[in-house]
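Asker: Using the UniProt record's numbering, the letters of the sequence shown correspond one by one to residues 1 to 754.
For each residue, glycine too, the CB sits at the ideal point set by N, CA and C.
Dropping the structure in here first, questions after.
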Amino acid sequence: DFGRSSELAFVVEPSDDIAVQEQPLILYCQVEGIQPITITWRKNGVMIVDSENAFMLANGSLYVSRFQRVRGDGSSDEGEYDCMAQNHYGLVVSRKAKIQAATMSDFHIHPQNAVVEEGGVARFQCQIHGLPEPVILWHKNSMPVNTDNERYTLLPKGVLQITGLRAEDSGIFHCVATNIANVKFSREARLTVSGSHSTVYKDPMILVGPENLTLTVHQTAVLECIATGNPRPIVSWSRLDGRPIGVEGIQVLGTGNLMISDLTVQHSGIYVCAANKPGTRVRRTAQGSLVVQAPAEFVQHPQSISRPVGTTAIFTCVAQGEPPPQITWLRNGQILETSDHIKLNTLNSTLSIYGINQADEAIYQCLAENSAGSTQASARLTVLWADGLPSPPQAVRAETVSATTIQVSWEKPLQNTKEIIGYVLHIRKAADPVEMEYQEAVSKSTFQQLVTDLEPSTSYSFYIKAYTSRGASKASEVTVVSTLGEVPAMPSLFIKVINSTTVQATWEPSIKLGQHEGFKLYYRKVHLSQYTGPVLLASNVTAYNITHLDASVVYEVKLLAYNQHGDGNSTVRFVSLRETVERTVLNPPCDCMKDEQNNKTSTTGIIIGIHIGVTCIIFCILFLMFGYRGRLLMCKNVQEQLSTPQIPRSQRSATGLVLNGATRRDRDDRNLNGKQLDMNELERLFPASPSQEQQEKGITSAHSLSAPHDETQISTLPLDEFSIIEEQPDPLPKNLHGSSAAAPAPDHGPANEG
Numbered sequence: 001d002f003g004r005s006s007e008l009a010f011v012v013e014p015s016d017d018i019a020v021q022e023q024p025l026i027l028y029c030q031v032e033g034i035q036p037i038t039i040t041w042r043k044n045g046v047m048i049v050d051s052e053n054a055f056m057l058a059n060g061s062l063y064v065s066r067f068q069r070v071r072g073d074g075s076s077d078e079g080e081y082d083c084m085a086q087n088h089y090g091l092v093v094s095r096k097a098k099i100q101a102a103t104m105s106d107f108h109i110h111p112q113n114a115v116v117e118e119g120g121v122a123r124f125q126c127q128i129h130g131l132p133e134p135v136i137l138w139h140k141n142s143m144p145v146n147t148d149n150e151r152y153t154l155l156p157k158g159v160l161q162i163t164g165l166r167a168e169d170s171g172i173f174h175c176v177a178t179n180i181a182n183v184k185f186s187r188e189a190r191l192t193v194s195g196s197h198s199t200v201y202k203d204p205m206i207l208v209g210p211e212n213l214t215l216t217v218h219q220t221a222v223l224e225c226i227a228t229g230n231p232r233p234i235v236s237w238s239r240l241d242g243r244p245i246g247v248e249g250i251q252v253l254g255t256g257n258l259m260i261s262d263l264t265v266q267h268s269g270i271y272v273c274a275a276n277k278p279g280t281r282v283r284r285t286a287q288g289s290l291v292v293q294a295p296a297e298f299v300q301h302p303q304s305i306s307r308p309v310g311t312t313a314i315f316t317c318v319a320q321g322e323p324p325p326q327i328t329w330l331r332n333g334q335i336l337e338t339s340d341h342i343k344l345n346t347l348n349s350t351l352s353i354y355g356i357n358q359a360d361e362a363i364y365q366c367l368a369e370n371s372a373g374s375t376q377a378s379a380r381l382t383v384l385w386a387d388g389l390p391s392p393p394q395a396v397r398a399e400t401v402s403a404t405t406i407q408v409s410w411e412k413p414l415q416n417t418k419e420i421i422g423y424v425l426h427i428r429k430a431a432d433p434v435e436m437e438y439q440e441a442v443s444k445s446t447f448q449q450l451v452t453d454l455e456p457s458t459s460y461s462f463y464i465k466a467y468t469s470r471g472a473s474k475a476s477e478v479t480v481v482s483t484l485g486e487v488p489a490m491p492s493l494f495i496k497v498i499n500s501t502t503v504q505a506t507w508e509p510s511i512k513l514g515q516h517e518g519f520k521l522y523y524r525k526v527h528l529s530q531y532t533g534p535v536l537l538a539s540n541v542t543a544y545n546i547t548h549l550d551a552s553v554v555y556e557v558k559l560l561a562y563n564q565h566g567d568g569n570s571t572v573r574f575v576s577l578r579e580t581v582e583r584t585v586l587n588p589p590c591d592c593m594k595d596e597q598n599n600k601t602s603t604t605g606i607i608i609g610i611h612i613g614v615t616c617i618i619f620c621i622l623f624l625m626f627g628y629r630g631r632l633l634m635c636k637n638v639q640e641q642l643s644t645p646q647i648p649r650s651q652r653s654a655t656g657l658v659l660n661g662a663t664r665r666d667r668d669d670r671n672l673n674g675k676q677l678d679m680n681e682l683e684r685l686f687p688a689s690p691s692q693e694q695q696e697k698g699i700t701s702a703h704s705l706s707a708p709h710d711e712t713q714i715s716t717l718p719l720d721e722f723s724i725i726e727e728q729p730d731p732l733p734k735n736l737h738g739s740s741a742a743a744p745a746p747d748h749g750p751a752n753e754g
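Below, the structure is given as structure tokens:
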């Protein structure tokens, strides 16, 4: 069924095998793809030539007539075999098949005699190496041990356990090892069961704990744990990392051996066997590690692709396994070597071919290998090439213009130029990988390009391709040229006056300066032509003090950065120290001791002032409180006087001196009624309930009725608006109606309202 697929690929690959001495061996290899296909075989990388001992069958398989581990000439049929298939499109190599001879060594551990008391545990072990792994069976008194007896446990590694010993278990034991290479018998050992079952207490003890095992997925692991004690201990298993062991594929053999079938990578870990005394926390533990390996297998296969000339081809190959597999790439059966246009990533999982040409057309293979096995996958790269494409552009030249600019020029191709639609200039730093390349498109009528924004003192590579609507030409020759070096940029300079004879020049480090070796500092008096300097400063210095200056003149300070290409432009600053001198004269230095004493004196004065101020505030509050009481008393008297008829000015002498409408007699009455006035004051400060106010109104009305001809409406003056005014004598009116006692008193408004 050859030729069903256009891709050259393996249908059947050779597999690992164990061969028997002097027996024939067949290694299978079947391929599909476009005919004709040629198949060849290799052993340890060397081509196998057909001979009487080894030759290829018609179906492509390899036949070894008499397998020999060691031949007369010292050679061996053991080794790694692979088959190669080739057709017009390329060559592929199969996985490597490891072929080993079947062997069996002598026993290196034999069973030993044992005397165990009744009810105890007996353990016999024999161990032997061989390929394939020998199967070990046990015989008692020359008869196979009855495996149906649940007290007898046979472990795969040649261990026999007998629990709950009885007198009938006594006898002679030996083991038999068998594989395709041989059959061998161990030495005999006697088991003696003595006495009766003891009732003496014994702490739990683990006789044999689990061994460290390294196995492959789908195999079976047996972790041994046998414990003794009185009473008989309970054996349990756990993982050291706390993860559950699970139940699927888990089985307990005998009284405490753990068997895990169909191993997976997730079964790897450290297993702990614990022997517990029933009903207590007394326990003994033992542990062993289990490492499960998985042969390499692909998660993502590389895919065959077709790409035009000049483009990029990428193959991806992702494999998994335990331990993690290593990936190797082949090109037509040979190990692929990287170059400027062939790159592999860190894990070798991605193969990138840049600027492909017809020479890159091949079959690419990904080989994944680890200690558990290997596998391979292949893919073909087809390079598309259209007839009539332009030849490569000619005479590519690159000339340096400046530190950041290079001009690239070229000539048109020699052939097939009519369909050209443009050119593409490929630019890359010479030290960068190919994937860092970038392009600039140019019109078909332009044969030069000014490349800008480059880095100073850096080498760049350039090549050109001509493009048509059907594809691109091959790349032109590569030209490499370096940009010019560049002097550093101007630094930022700042001047700070320290004192009358010293200034400090500071500047900021910046990446904008570019590459620089250091700084040069100059300074001079402005009326002089000669500079002092240069003062050479390292590139990490950012400040410098200029001392012993003359305070009466102005100075010019100049700073520049330099490198191997020369001096950069300088930054200039002017500074005068005269203001500093004048400021010193106007503000002479302080007498620190005197200032300290003054500060102490000032502090004491402040404290005393605070005390005086607080005292004054207290006195003011007391004064206001007593003054407010006096004003209340005076206001009460005024209201009483306003409720009586006023006396004309002509009668003032007869009635006595009037002060705000109150006579001396009134004042005497007021003194007699002091107690009543005090009550009135309290009533004003603390207003009474409505019933009390009505009573007061009633008293006032009665008092008003007792006054003759009292038709005047009395209003109470607010205390804040009340004041004592000294009246000036006014001329009496010509028509004074003195008999009208009810006439309102003249309205002498206050000259200054409170």
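#1: Could you check which residue in 234, 320, 557 has the C-alpha nearest to that of residue 376?
#2: Nearest by alpha-carbon distance to residue 469: which of 385, 506, 394 is it?
#3: Count the other CB atoms, across all protein chains shown, that sit within 10 Å of the CB of residue 445; report buried if there are 16 or more and exposed otherwise.
#4: Just to confirm my understanding: we take residue 699, look at its own chain, exclude 5 residues before and 5 after, and list those with CB closer than 7 Å. What are they?
#5: If you check the beta carbons only, do residue 237 and residue 272 fall under 8 Å apart?
#6: With 16 as the cutoff for other CB atoms within 10 Å, does residue 574 come out buried or exposed?
#7: Can you tell me where the beta strand (DSSP E) with residue 87 in it begins and where it stops?
#8: Helix, strand or coil: how does DSSP classify residue 579 here?
#9: Report yes if the CB atom of residue 516 is closer than 8 Å to the CB atom of residue 539, and no otherwise.
#10: I'd like to check one pair, residue 324 with residue 369: are the Cβ atoms closer than 8 Å?
#11: According to DSSP, simplified to helix, strand and coil, what is residue 177?
#12: Using the Cβ count rule (16 or more neighbours within 10 Å means buried), how would you classify residue 104?
#13: Between which two residues does the beta strand (DSSP E) containing residue 322 stretch?
#14: Give me the Cα-Cα distance between residue 447 and residue 472, rounded to the nearest whole angstrom.
#15: Closer than 8 Å, CB to CB, is residue 470 near chain D or not?
#16: How about the region 483-490 and the region 456-463: do they share at least three Cβ pairs that are nearer than 8 Å?
#17: Using alpha carbons as the reference points, say which of 556, 261, 119, 530 lies closest to residue 194.
#18: Buried or exposed: residue 496, going by 16 or more other Cβ atoms within 10 Å of its Cβ?
#19: Whose C-alpha, out of 122, 141, 389, is nearest the C-alpha of residue 206?
#20: Does the region 133-147 come close enough to the region 170-188 to have 3 or more Cβ pairs within less than 8 Å?
#21: One question on the structure: do residue 7 and residue 45 come within less than 8 Å of each other, judged by their Cβ atoms?
#22: I'd like the span of the beta strand (DSSP E) that includes residue 507, first residue to last.
#23: When burial is assigned at 16 or more other CB atoms within 10 Å of the CB, is residue 338 buried or exposed?
#24: Compare the Cα-Cα distances from residue 22 to each of 243, 64, 59 and report the closest residue.
#25: With a threshold of 8 Å, are at least 3 pairs of Cβ atoms found where one atom belongs to the region 270-290 and the other to the region 356-364?
#26: Return the residue from the list 402, 424, 537 that minimises the CA-CA distance to residue 410.
#27: With a cut-off of 8 Å on the beta carbons, I'd call residue 246 and residue 225 a contact; round off their distance for me.
#28: DSSP on residue 326, reduced to helix/strand/coil?
#29: Here's the rule I'm using: 16 or more other beta-carbon atoms within 10 Å means buried, otherwise exposed. How should residue 356 be labelled?
#30: Which residue from 87, 16, 11, 83 puts its Cα closest to that of residue 35?
#31: My assumption, with CB atoms under 8 Å, is that residue 93 sits in contact with residue 333. Please give the rounded CB distance.
#32: Okay, do the region 517-525 and the region 557-565 touch, 3+ Cβ pairs below 8 Å being the bar?
#33: Keeping to the same chain, check which residues put their C-beta closer than 6 Å to that of residue 190; ignore five residues upstream and five downstream.
#34: Nearest-angstrom Cα distance between residue 610 and residue 625?
#35: The beta strand (DSSP E) that contains residue 470, what's its start and end?
#36: Going straight from the alpha carbon of residue 116 to that of residue 196, what length do you get?
Answerer: The relevant details are as follows:
#1: Closest in alpha carbon position to residue 376, among 234, 320, 557, is 320.
#2: From the listed residues 385, 506, 394, the smallest Cα separation to residue 469 is found for 385.
#3: Burial call: exposed.
#4: Because the pLDDT at residue 699 is just 35, under 50, the model does not fix this residue reliably, and the point stays unresolved.
#5: Closer than 8 Å, so yes.
#6: Residue 574 comes out exposed.
#7: Unbroken beta strand (DSSP E) run through residue 87: 79-87.
#8: If DSSP states are grouped into helix, strand and coil, residue 579 belongs with the helices.
#9: The Cβ atoms of residue 516 and residue 539 sit closer than 8 Å to each other.
#10: Residue 369 places its beta carbon 8 Å or farther from that of residue 324.
#11: Here residue 177 sits in strand by DSSP.
#12: Counting the other Cβ atoms within 10 Å of the Cβ of residue 104 gives 16 or more, which makes it buried.
#13: Where residue 322 is concerned, the enclosing beta strand (DSSP E) stretches over 318-322.
#14: Approximately 17 Å, taken between the alpha carbons.
#15: In the structure shown, chain D cannot be found, because there is only a single protein chain.
#16: Output reads yes: the region 456-463 touches the region 483-490.
#17: The residue from 556, 261, 119, 530 with its alpha-carbon nearest to that of residue 194 is 119.
#18: The residue is exposed, with fewer than 16 neighbouring Cβ atoms inside 10 Å.
#19: Proximity to residue 206 across 122, 141, 389 peaks at 122, based on C-alpha coordinates.
#20: Counting Cβ pairs under 8 Å, three or more are found: they touch.
#21: Cβ distance not < 8 Å, so residue 7 and residue 45 don't count as in contact.
#22: That run of the beta strand (DSSP E) goes 502-507.
#23: Its Cβ having fewer than 16 others within 10 Å, residue 338 is exposed.
#24: Residue 64 is the option with its Cα nearest to residue 22.
#25: With the rule of 3 Cβ pairs closer than 8 Å, the region 270-290 does not count as touching the region 356-364.
#26: The option with the nearest alpha carbon to residue 410 is 424.
#27: Not confirmed; about 18 Å, so no contact.
#28: Correct three-state label for residue 326: strand.
#29: Residue 356 is buried by the Cβ-count criterion.
#30: Ranking the options by Cα distance to residue 35, first place goes to 87.
#31: Between residue 93 and residue 333 the beta-carbon gap is near 5 Å, inside 8 Å, which marks them as a contact.
#32: Put simply, the region 517-525 touches the region 557-565. At least three CB pairs are less than 8 Å apart.
#33: Hits under 6 Å: 113, 172.
#34: Going from the Cα of residue 610 to the Cα of residue 625 covers about 23 Å.
#35: Counting along the chain, residue 470 falls outside any beta strand (DSSP E), and DSSP gives it neither H nor E.
#36: When rounded, the distance between both Cα atoms is 10 Å.
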